[in-house]
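First residue of the sequence shown? That's 1 in the UniProt record's numbering, and the numbers climb one at a time after it. Just so it is clear, CB atoms sit at the ideal spot from N, CA and C, and this is done for glycine as well. This structure is a prediction, so every number in the text was calculated from the model and none was measured.
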Amino acid sequence: EIRKTLIGAMYDKVARLSIRSLTETNSGKLITLVSSDIFTLERPLAIAPFGVASPFINVACYVLVGIISGWQYALILAGLWISTFMLQMCTSRLQKRMKQ
């Protein structure tokens, strides 16, 4: 459903282009640009539910590990997850600085 909406929006965008723009741009390039725009918008929308659900899944897993193996192991796993998350944030910021 979302893909149909995005394709419709892109079609409307192309339909509003001036005749001059359409004649100066070949159809292959235009199709490539439109499909790239759709992919750029569609991918994050497909991944978003996992981003929302992952903290709840993590907490449920830590509770299960705590019940089955002991709370100290659940705390160790939670610490590892938080450490990994923080490390990813730091490397992302470092990468952005290096690109500038």
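(message) With a threshold of 8 Å on Cβ separation, who are the neighbours of I2 within its own chain once the five nearest residues in sequence on each side are excluded?
(response) Leaving aside the five residues that flank I2 on each side, the residues in its chain whose CB is nearer than 8 Å to its CB run, in chain order, E42, L45.
(message) In the DSSP assignment, the alpha helix (DSSP H) including R16 goes from what residue to what residue?
(response) Here R16 belongs to no alpha helix (DSSP H), and DSSP marks it neither H nor E.
(message) Using the three-state DSSP reduction, which class does T25 fall into: helix, strand or coil?
(response) Here T25 sits in coil by DSSP.
(message) For Y73, which residues in the same chain have their Cβ closer than 7 Å to its Cβ, ignoring the five residues on either side in sequence?
(response) V65
(message) Do I38 and M10 count as a contact pair if the criterion is CB distance below 8 Å?
(response) Contact flag set, yes.
(message) Given this structure, state the Cα-to-Cα distance separating G79 from L87, to the nearest angstrom.
(response) 12 Å
(message) Can you list, in chain order, the residues of its chain with a C-beta nearer than 7 Å to that of N58? Leave out the 5 residues immediately preceding and following it.
(response) A distance below 7 Å between beta-carbons, with the five flanking residues on each side excluded, links N58 to the following residues of its chain, in chain order: W81.
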